[in-house]
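Going by this note's numbering, the sequence shown runs without a break in its numbering and finishes at 303.
For each residue, glycine too, the CB sits at the ideal point set by N, CA and C.
One structure is given below, encoded as structure tokens.
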Amino acid sequence: MRKKNLEVVALDLDGVLFDGPSATLPIAEKVGIGEKLKEVMMKSAKGALTLEESIVQGARVWKDTSTSALQNLVHELPLMTGAEETVAKLKEGGYEVGCVSSGVSQWFMAPFSERLNLDFAYSNVLTEVDGKHNGEVEYVMGAEQKAERILQYLSSNGFDTDGLASVGNGENDIAMFGISAISIAFNPVSEKVTAAADYRIESKDLRDILPFILPPH
Numbered sequence: 087m088r089k090k091n092l093e094v095v096a097l098d099l100d101g102v103l104f105d106g107p108s109a110t111l112p113i114a115e116k117v118g119i120g121e122k123l124k125e126v127m128m129k130s131a132k133g134a135l136t137l138e139e140s141i142v143q144g145a146r147v148w149k150d151t152s153t154s155a156l157q158n159l160v161h162e163l164p165l166m167t168g169a170e171e172t173v174a175k176l177k178e179g180g181y182e183v184g185c186v187s188s189g190v191s192q193w194f195m196a197p198f199s200e201r202l203n204l205d206f207a208y209s210n211v212l213t214e215v216d217g218k219h220n221g222e223v224e225y226v227m228g229a230e231q232k233a234e235r236i237l238q239y240l241s242s243n244g245f246d247t248d249g250l251a252s253v254g255n256g257e258n259d260i261a262m263f264g265i266s267a268i269s270i271a272f273n274p275v276s277e278k279v280t281a282a283a284d285y286r287i288e289s290k291d292l293r294d295i296l297p298f299i300l301p302p303h
């Protein structure tokens with residue numbers, strides 16, 4: 087089931103480490119911009135916007151929002167059942183563990199990374215002025231960019247793709263699957279995602295990925 091030389095595990099955020107389809111939506115609702123963000127998300131779901139377009143339009147919704155307030159609210163968001171234990175067990179086993187997400191900005195990613203003690207964390211990068219988001223995007227984490235950032239991390243830290251396992255649920259994870267020695271579709275959103283992965287897991291407990299990655303006892 088498992089390949090012998092795995093060293094790095096890359097996880098998606100929404101639907102994998104975070105228990106829900108979008109970590110941004112509950113925060114948007116708390117700060118009063120939920121309906122505006124839903125409009126962008128619905129357009130994206132219907133195919134009216136590309137992933138990159140939805141990221142840019144979504145960023146505009148957050149304009150003038152306090153970045154420190156966002157980070158404080160993110161600490162309250164629910165993790166997927168077993169997320170903390172899964173990351174801890176992988177790290178105890180000597181793996182480098184991180185998250186790459188197209189669904190959030192650095193202000194969302196940083197608190198998740200801190201809570202889970204991740205080795206790396208990459209996301210969209212939005213810009214701020216005087217402690218508030220100004221509605222602009224500095225870096226778009228599209229599907230290809232997810233794979234590129236992981237490759238950069240591997241290269242910079244002496245790893246190669248033979249040692250990479252990846253876990254995701256969306257079609258924007260397919261490029262990441264393509265560079266991985268083992269890929270796991272965790273509650274995949276479509277058959278296209280399932281077809282691109284080595285394994286499919288339907289579960290609400292992230293610990294169910296461990297037998298596919300950790301060596302047998």
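Backbone secondary structure at ASP291 - three-state DSSP: On the sequence shown, position 205 is the one that residue 291 refers to. Strand.
Whole angstroms is fine: what's the gap from CYS185's alpha carbon to ALA207's? By 1-based counting over the sequence shown, the position of residue 185 is 99. By 1-based counting over the sequence shown, the position of residue 207 is 121. The alpha-carbon atoms of CYS185 and ALA207 are separated by roughly 5 Å.
Note to self: If the criterion is Cβ atoms closer than 8 Å, does the pair PRO274 and ARG293 meet it?
What the structure shows: Counted from its first residue, the sequence shown places residue 274 at position 188. Counted from its first residue, the sequence shown places residue 293 at position 207. For PRO274 and ARG293, no; Cβs fall outside 8 Å.
Would DSSP call PHE104 helix, strand or coil? Taking the sequence shown and counting its residues from 1, one reaches residue 104 at position 18. It is a strand residue.
Which of the three DSSP states, helix, strand or coil, is assigned to GLU162?
Taking the first residue of the sequence shown as 1, we reach residue 162 at position 76. In the three-state reduction of the DSSP assignment, GLU162 falls in the coil class, being assigned neither a helical nor a strand state.
- Item | Neighbour-count burial assignment, ASN210, 16 or more Cβ in a 10 Å radius | Translated into the one-based positions of the sequence shown, residue 210 becomes position 124. ASN210 should be labelled buried.
In chain order, which continuous runs of the alpha helix (DSSP H) of length 4 or greater are located wholly inside the segment 194–280? Along the length of the segment 194–280, whole alpha helix (DSSP H) runs at least 4 residues long occupy 229–242 and 260–264, reported in chain order.
Would ALA196 pass as an interface residue toward chain B - the criterion being a Cβ-Cβ separation below 8 Å? The structure shown has no chain B; it contains just one protein chain.
Legend entry - Close beta carbons around ALA155, own chain, < 8 Å, minus the five adjacent residues each side: Indexing the sequence shown from 1 puts residue 155 at position 69. Answer for ALA155: VAL117, listed in chain order.
Given GLN143, which residues of its chain have a CB within under 6 Å of its CB, disregarding the five upstream and five downstream residues? Residue numbering aside, residue 143 sits at position 57 when the sequence shown is read from its first letter. Excluding sequence neighbours, GLN143 sits near VAL126.
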